[in-house]
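Have a look at the structure below, then the notes.
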């Protein structure tokens, strides 16, 4: 049983199919694409199509630089069809519990029994929102779509990562923008893209953190180099004066459905051996970030981790 029909779930499906293991995918979304249909309108990948592919089938080329989110959605939709992935949607998984011979997956459409469960629900559905009382609107990255909505308004974007930088750059021509970060922004070298990040993360136990936090995609680089994208330190007075505050403060693993198993720590994570839950060998976690495999939250990076996960499941089949 695979929970989640986004990129991680599809990568798992590919290897389950190759291994000859019977499986189904339960997806809470009404249509394919995982979280990609829900991002902001200008969202693009960090790398070109040929370096942004799931296992087995390359992403079709994209003529205008880095692929758009819609191009990714189209690719994931076609990938699902190409491999005849048995997806049931929309099905909301409410909880997972133990049974003598496996796990029970409880949903709004009934209960499923599975020998193994791969949880691939990602993080998009659990945004981290600071608790602050402010007079203006408060949004999160997940709520942001189009800069024209904020034309002429005082907008503060909070967050020194990729989403904060990209949304701030998106807003520069339209709003009175302040970009707040806890520390000065740390840009990766301009030649670094998603493929290079994956290569580096795969070689280094510590990942790429020492190199920087922000990939200088063209809109960010242009706004930065023109002097329009300048970060300021955190300032509660400026937050209070804003018409809108957009919190680009990250996400937590969307693992609420695993609560009955009592495996999560204070960070909301599950201790893992590879991708297998240390306290429940029939549960596997895929695509949540570095703690479930190097670059496993990316299109290019999830494949190797999915392959290893299915190989471990296959050992229990015979």
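Residue numbers (our numbering): 3 to 320. Note that the Cβ used here is the ideal one computed from N, Cα and C, for glycine as well.
Just the Cα atoms here: how many angstroms apart are residue i and residue j?
i: residue 314; j: residue 134; result: 44 angstroms
i: residue 92; j: residue 235; result: 42 angstroms
i: residue 38; j: residue 13; result: 15 angstroms
i: residue 279; j: residue 155; result: 46 angstroms
i: residue 23; j: residue 272; result: 25 angstroms
i: residue 41; j: residue 147; result: 7 angstroms
i: residue 109; j: residue 95; result: 4 angstroms
i: residue 211; j: residue 188; result: Bear in mind that a pLDDT of 48 at residue 211, under 50, signals an unreliable position, so the number given afterwards is only what the model happens to contain. Looking at the two C-alpha atoms, the distance is approximately 10 angstroms.
i: residue 176; j: residue 159; result: 13 angstroms
i: residue 165; j: residue 102; result: 43 angstroms
i: residue 242; j: residue 136; result: 6 angstroms
i: residue 9; j: residue 81; result: 10 angstroms
i: residue 65; j: residue 73; result: 11 angstroms
i: residue 249; j: residue 285; result: 32 angstroms
i: residue 312; j: residue 17; result: 6 angstroms
i: residue 237; j: residue 305; result: 42 angstroms
i: residue 145; j: residue 168; result: 14 angstroms
Should residue i go down as buried or exposed, given a rule of 16 or more other Cβ atoms within 10 Å for buried?
i: residue 184; result: exposed
i: residue 62; result: exposed
i: residue 59; result: exposed
i: residue 90; result: exposed
i: residue 1; result: Residue 1 is absent from the structure shown; the chain starts at 3 and stops at 320.
i: residue 264; result: exposed
i: residue 228; result: exposed
i: residue 132; result: exposed
i: residue 111; result: exposed
i: residue 29; result: buried
Report yes if the C-beta distance between residue i and residue j is below 8 angstroms; otherwise report no.
i: residue 78; j: residue 36; result: yes
i: residue 128; j: residue 255; result: yes
i: residue 288; j: residue 308; result: yes
i: residue 277; j: residue 225; result: no
i: residue 302; j: residue 122; result: no
i: residue 98; j: residue 283; result: no
i: residue 125; j: residue 290; result: yes
i: residue 3; j: residue 119; result: yes
i: residue 31; j: residue 7; result: yes
i: residue 260; j: residue 218; result: no
i: residue 162; j: residue 239; result: no
i: residue 25; j: residue 15; result: yes
In chain order, what residues of the same chain lie with their CB nearer than 6 angstroms to the CB of residue i, ignoring the 5 residues before and after it?
i: residue 69; result: 47, 51
i: residue 252; result: 130
i: residue 207; result: Its pLDDT being 46, under 50, residue 207 is placed unreliably in this model, and the coordinates cannot settle the point.
i: residue 172; result: 44, 149
i: residue 117; result: 104
Sorted by chain position, which residues of the same chain lie with C-beta nearer than 7 angstroms to residue i's C-beta, five sequence neighbours on each side aside?
i: residue 246; result: 138, 139, 141, 152, 155, 157
i: residue 115; result: 101, 104, 106
i: residue 170; result: 159, 179, 181, 231
Can you give me the Cβ contacts of residue i inside the same chain, cut-off strictly under 8 angstroms, excluding the 5 residues immediately before and after it?
i: residue 113; result: 106, 107
i: residue 294; result: 274, 277, 287, 288, 307
Can you list the alpha helix (DSSP H) stretches of 4 or more residues lying completely in the region 227-258, in chain order?
238-243
Pick out the complete alpha helix (DSSP H) segments inside the region 42-102, 4 residues or longer, and give them in chain order.
The alpha helix (DSSP H) runs of length 4 or more contained entirely in the region 42-102 are, from start to end of the chain, 71-84.
Curious, which full-length beta strand (DSSP E) runs of at least 3 residues does the region 264-305 contain?
282-287
Which runs of the alpha helix (DSSP H) spanning at least 4 residues fall entirely within the region 98-171, listed in chain order?
none
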